[in-house]
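Chemist:
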Amino acid sequence: MFATQTLSLPLHANPCRVDPCVTSEWIALPLTKNILGLWKTTSSTIKPQPIELSGHVKEIFALSFSNRNPIHYLASSCRDKILIWKLSLSSTNDQEITSKNLGSNEGEVTAMCFNNSDDLLAVASDFKVCLFIIGQKDRPTPCILEGHRAMITSLKFCPHYSATLVSISDDRSFCVWDVRENLLIYQSTIISSSPLISLCMNLKIPHFAIGTADGSLKIFDLTDGNNFRQLANIDLALNIKKKSQSNLMPNRETDKKGKVENLTTIQSSESVLAIEFVYLPQSKGDSSQLNFFILENSGANDILNDLPPSLCIITSTNLLQINSKTYEILDTINLQHPMKATSFSPSITIGPISYGALHQKDASTVTAVLGSMFEKRINVITLSLCNNSVKKLETTYESDHSQMDDLFELNIIPTMTLLSISPLKSEFFPQLVAKAITRKEITSSKKKPIDILNQPLTFQSKIKSSGYSQVPRTTMFKPETSRVQLLKLDSAKKKSEKIKRFSASKILKDNYDTSRGLPTELCSTFEVDFQTTAVSCLRFSDDGSGLACALSNKSGLIVKSPLSKQVSLSLIGHNSAVNSVFWSNNGSYVLTASNDKMVCVWNKTGGDSVMKLTHIQGTLKETQLKTSLAIHVDNKPFSKEIRSAQFFYIDKFILITHGPELLLYKYNITEECDDVKRYQIRNRHKLVATWLTPSSSFTAMAAVNTFFSYLVICTTSGRNLEVYDLNKSILAHQFRDCHSRSAHCVAINEGSCFSTQSQSAYNVIATIAPTDPIKLWDLRSRTNVHSLQGHLNNAHACQIAFSPCGNYIASGSEDRTVYLYDLRKGTYCERLRGHNEVVQSVAFHPATPFIATGSINSRILFFKPK
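See below:
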C-alpha cells in the first residue's frame, strides 16, 4: 500500500472539526462555521477553489452524501434546520446548486445518512433518530426512534436489507432498527469499555464493522437468524505493534562507525476514526480444473477463488489495510513518517490526526481526507491498495539441491513422480528363514523323492475300518423333513444373499448426499465407560463401517456399524491415556498412540495388538530381547509421549511424532497364526527417515492416507505450521506465528471416497489453538485465507474436522456444544446441543451426513439430518 498527497485544502477550513464527506467526485467540508465548501476530486490543480454554499445561520454539525451514483444530494445540518443540496457533475459555482429546507431539529445533530434508494434520510439528534422522507412537497413530519441512552455517534443503512438501520452511541452499544415498522429490533449490551465512534457496512455480505476510541475493531453479522453475533474483535494497537516489530530489521540504519541505530517512533493511542470496506477486482477461477469433470462446488474451493474485500482504516497515527476474512493486517502506513507529495516539496509528514474520511475511488485506489491534530491543515491522500493474492510469501526452508521452480509445487495431490532418492520408494521385504536339514532327516525314509507309481495297493476309493478303534454309531434321532420346505429355504437364502449384494453395491456407488441437510438431530448416545473418561479422538473408517475412539482410561474402542446397536470392541494394552487413533485405508487395522511412549497396531476384530512400536530404529531382534535393553545404544526406546501416529501413503508407511522428531516407518504384518509360537515376533517395522523441527516438539500432525500424497502437515510448540515434502525429504514451507499459542489440532480437507471436490479444494488445511479462532490456510498461495470465530476454547484440546463435501467444519467447544461452521458464510450455522460437559472430539461419517461427537465425561453423541 502506497500513499501520495494529492490535494491540500485551505488552512482555515473546518474550524469545528466536523467529519468530512468524500465520494469519487466530491469532498464536502465546512469552510467556516456556517458556510459549506465543495471540492471536486477530479481537479488537476494542487489547491483547487471550492464551491461555497451558504444557507445555514448556525454552526454546521453533520454532512452526508446520497448513495446512488452519480451523486444527486448532499445533506447538511445545523442546530436550526436541515438542508438538502441538489448536485450535478457539471456544477461549477453555487448558482447551479439549489437547496431545500427539509425540516428543523430540536437538538444537536451528530450524524446523518441516506438509505439505499435516496428517498429517506436518517438524522441522529442527541439520543434519538429522526427519519425524514425526501421528495415530498410539504415539509415532512419526522418519525422518531428512541432507544439509546447517550448521544448517537454514527448510523448507517444496511445495503442488503433496505429497512434495516444500525446506529452506535456513546452508551457503548449499538441498535438495529426496522424503519418500515418503526421498531427497535435489537439492542446490544455494552460491547466496549470505550465509546463507539465509527461505523461501516459491507456491500458484499450483511456484515458491519464498528471502531472504538481505544483502537478496537469489532465485526458483527446482520444475517437473518444469526442473532447479530460478533464475528471478530481485533486489537489494532497490538497488531500494529506486531507488524512494526516484524519490520524492525529494515528500519535499522548503520552509521559510519558500524553501529546500528534503531529508528524510534512515538507510540500513541490508536482511535479508529474511519472505516471503509474496499472491493478488489476478482481473480479468475482455477484454470487447472478440467472442464469435462462435473464436480460439486465446495466451500473450501469457494474461499480460494473468491477474493475477499479489505478494510481500510484510519487511526490516530496510521493507515491500515486489513483482510476482512482473516483479520490480518496486510499493510500499514505510519503517518509520522514522510510520504510522497505532489506539492512543491517532494515529501510531507502529516503526524497525528483528529478526524478523517475514506472512499473507494476505483478498483485499486482509495481517497482519504485527513485533518491534522495540532495544525489547521487538511490533506487529501490517494492510497494504492495491495492485493491479497500477491502477498509476500513467508520464509521457506529448502535443501541445497532444490530449485526455485519447486517453490510453487506445493499440492496435496502430487504433481510429479517419485524421485529416485525418495524415502517413499523404500520397501519392506520380510526375512525368509531357510530351515536346515538335519542328518537324521537325510538318513531316514521321510524325505524320499515322490514316485508316481508309488500308490496304495487297492483299487477302492474307500477302505472299511476294522472297527477296533471306534464305537459303533447308533442313530439317536432322525428328523422328518420335506423336500418342498427345503427348496423354499434354499430360495429364501439365495434371495437374502442377492439383497445383501445389491445393498453393498448400492452403497459403494452412491455419493455423499448434501441435499439431506446438516446433521442437527440427536439420534443416539453411547457410553464408553462407567467412570468419567475423556474421548480425546474420534475417527470413522474410510468405508464408514466402524468408529474408533481414543480414551483417557488407557484403552481404545471400536464401535461397529450400525452404531445404534452399540456393538463395541475394546483395545486394551496401553499403560497410559491414548492420544490418537487412526484407521488403515482398507479398514483392517487400527493404530493408537499413547502417553506410555508406545504405538500399537490392532486388528479390527480386537484381541491383542498385532504390532507394537516401542523403539526408534525399529523392531528388536530376537538376540536383543534375551539381553538387557540398556546396552543397545543404536536402538533406543521412545523417550517422549507419542501425541499422534497414523498410516501414510495408502498403508505403506506409519508416521509418528516423537518430541521434535517426525519418524517414517515401513512395516510388515503377516496373516499367519500359530498358537504354539504366538509369542514369537513375526510382524516387524523399520525406520526409514527422520525429520527434525526447529521448535522443541510437534503438537499435532495430519496427512492424507486415502490417496497418494507426499505432504505431511505438522504444528509445533513454536506456534508454527510446517509442511514436509517426504518425496524430496525436506521441510517445504513454514508458516510463522500462526496463532498466539501453539495449535493442538490440524485437519486437511481430504474429502472421502464417497465425495469428490475440485483439485484446489484439497489444499485447504485448518488449525485450532487455545484462545484463537480456527484458521484456514491455502498451501498454494501459502497464506491464511479465513478465520472462524464463535466457539469457546481456552484450556482443553478441542478437535476440528472437515465434512466430506468440504462445505463445513465441525469444532468441539468448552460451552458443551458442537459448532458447525459454513465456510461459504464465514460463521457458524448450527450449534449441536446435548452434551453436559466439554466437547473435545468430532468426526464426520464419510458416506452420509452423520456426525459423532465425544465429550470428557464418557459420552458419544450421534447426530443425523432431520
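Just so you know, the sequence shown maps onto residues 1 to 866 in UniProt numbering. For each residue, glycine too, the CB sits at the ideal point set by N, CA and C.
Identify whether A577 lies in helix, strand or coil by the three-state DSSP scheme.
Modeler: In the structure shown, A577 sits in coil (DSSP, three-state: anything other than H, G, I, E or B).
Chemist: With distance defined between alpha-carbon atoms, name the residue in E750, G299, F638, A357 nearest to L63.
Modeler: That would be A357, whose Cα lies nearest to the Cα of L63.
Chemist: Taking the CB atoms as reference points, tell me whether A548 and V590 lie closer together than 7 Å.
Modeler: Contact flag set, yes.
Chemist: Label Q734 either buried or exposed according to how many other C-beta atoms from any shown protein chain fall within 10 Å of its C-beta, with 16 as the threshold for buried.
Modeler: Label assigned to Q734: buried.
Chemist: Measure the beta-carbon distance from M770 to A810 and round it to whole angstroms, keeping in mind my assumption that it falls under 8 Å.
Modeler: Looking at the sequence itself, residue 770 is Pro, so the reference to Met does not match. That belief does not hold up - the Cβ atoms of P770 and A810 are roughly 18 Å apart, past 8 Å.
Chemist: Using a 10 Å radius around the Cβ and a threshold of 16 neighbouring Cβ atoms, would you call Q245 buried or exposed?
Modeler: The residue is exposed, with fewer than 16 neighbouring Cβ atoms inside 10 Å.
Chemist: Run through the segment 526-556 for me and flag every whole beta strand (DSSP E) of 3 or more residues, listed as ranges in chain order.
Modeler: For the segment 526-556, whole beta strand (DSSP E) runs of length 3 or above, ordered along the chain, are 535-540, 546-551.
Chemist: In chain order, what are the residue ranges of uninterrupted alpha helix (DSSP H) at least 4 long that sit wholly in the segment 53-131?
Modeler: Counting only runs of 4 or more, we get nothing.
Chemist: Round the Cβ separation of S545 and G587 to the nearest angstrom and send it over; I've been treating them as touching at under 8 Å.
Modeler: About 6 Å separates the two Cβ atoms, so the contact holds.
Chemist: Helix, strand or coil: which one does DSSP assign to L238?
Modeler: Helix, per DSSP.
Chemist: Taking only the alpha-carbon atoms, compute the straight-line gap between A743 and V712 and give it to the nearest angstrom.
Modeler: The straight-line gap from Cα to Cα measures roughly 16 Å.
Chemist: Can you check which of these residues, W39, F844, R516, is closest to N379 by C-alpha distance?
Modeler: Out of W39, F844, R516, W39 has the C-alpha closest to the C-alpha of N379.
Chemist: Once the 5 residues before and after V723 are set aside, which same chain residues still bring their CB inside 7 Å of it?
Modeler: Contacts found: L410, L711, I713, A732, H733, L779.
Chemist: Tell me, which residues are paired with F647 by DSSP?
Modeler: Looking at the DSSP assignment, F647 forms a beta bridge with I654.
Chemist: Rounded to the nearest angstrom, what separates residue 867 and V746 at their Cα positions?
Modeler: Outside the modelled stretch of the chain, which goes from 1 to 866, sits residue 867, for which no answer is possible.
Chemist: Quick check: the Cα distance between G215 and S193, rounded to an integer number of angstroms?
Modeler: Cα-Cα distance, rounded: 11 Å.
Chemist: Would you mind sorting L89 into buried or exposed? The rule is 16 or more other CB atoms within 10 Å of its CB.
Modeler: Exposed.
Chemist: Let's test the definition: count the other Cβ atoms within 10 Å of the Cβ of D171 and tell me whether it reaches 16, buried, or not, exposed.
Modeler: The residue in question, D171, is buried, as its Cβ has 16 or more Cβ neighbours within 10 Å.
Chemist: Under the rule that 16 or more other beta-carbon atoms within 10 Å means buried, what is T153, buried or exposed?
Modeler: That one is buried.
Chemist: Taking 7 Å as the cut-off, decide whether the C-beta atoms of S298 and P309 are in contact.
Modeler: Going by C-beta atoms, S298 is not nearer than 7 Å to P309.
Chemist: Let me know the alpha helix (DSSP H) ranges lying completely inside the segment 708-781, each 4 residues or longer, listed in chain order.
Modeler: With a minimum length of 4 residues, no continuous alpha helix (DSSP H) run stays inside the segment 708-781.
Chemist: Just curious, the alpha helix (DSSP H) that L196 is in, first and last residue?
Modeler: Run containing L196: none in the alpha helix (DSSP H); it sits in the beta strand (DSSP E), 196-201.
Chemist: Starting from the C-beta of T164, find all residues in its chain whose C-beta is less than 6 Å away, skip the five residues before and the five after it, and write them out in chain order.
Modeler: So the list reads C158, once near-sequence residues are dropped.
Chemist: So the alpha helix (DSSP H) L31 belongs to, where does it begin and stop?
Modeler: From DSSP, L31 is part of no alpha helix (DSSP H); its letter is neither H nor E.
Chemist: Take S755 and list the residues in its own chain whose beta-carbon comes closer than 7 Å to its own, dropping the five residues that flank it on each side.
Modeler: These residues qualify, in order along the chain: N511, Y512, P804, C805.
Chemist: What residues in its chain sit with their C-beta under 7 Å from that of L290, if we drop five residues either side in the sequence?
Modeler: Note that L290 scores 38 on pLDDT, short of 50, meaning its location in the model is unreliable; the coordinates nonetheless yield the value given after this. Answer for L290: no residue qualifies.
Chemist: From S316 to S354, what distance separates their C-alpha atoms?
Modeler: Near 7 Å, if we compare the C-alpha coordinates of S354 and S316.
Chemist: Around the Cβ of Q136, are there at least 16 other Cβ atoms within 10 angstroms (buried) or fewer (exposed)?
Modeler: Q136 is exposed by the Cβ-count criterion.
Chemist: Check L591 in the structure and name its three-state DSSP category.
Modeler: Looking at L591 - three-state DSSP - the assignment turns out to be strand.
Chemist: Just list the residues that DSSP pairs H359 with in beta bridges.
Modeler: According to DSSP, H359 bridges with T367.
Chemist: For the beta strand (DSSP E) that contains I303, what are its first and last residues?
Modeler: Unbroken run through I303 is the alpha helix (DSSP H), 299-305; no beta strand (DSSP E).
Chemist: List the whole-angstrom C-beta distance separating V18 from V369, where the pair is believed to meet the contact cut-off of C-beta under 8 Å.
Modeler: Between V369 and V18 the Cβ distance is about 11 Å, and since that is not below 8 Å, they are no contact.
Chemist: DSSP beta-bridge partners for F277?
Modeler: DSSP lists L311 as partners of F277.
Chemist: Would you identify the three-state DSSP class for Q245, choosing helix, strand or coil?
Modeler: Three-state DSSP puts Q245 in a helix.
Chemist: Run the CB neighbour count on T853, radius 10 Å, all protein chains shown included, and call it buried at 16 or more, exposed below.
Modeler: The residue in question, T853, is buried, as its Cβ has 16 or more Cβ neighbours within 10 Å.
Chemist: So which of G751, F844, I730, S561 has the shortest CA-CA distance to residue 941?
Modeler: Residue coverage of the chain in this structure runs from 1 to 866, which leaves residue 941 outside it and unanswerable.
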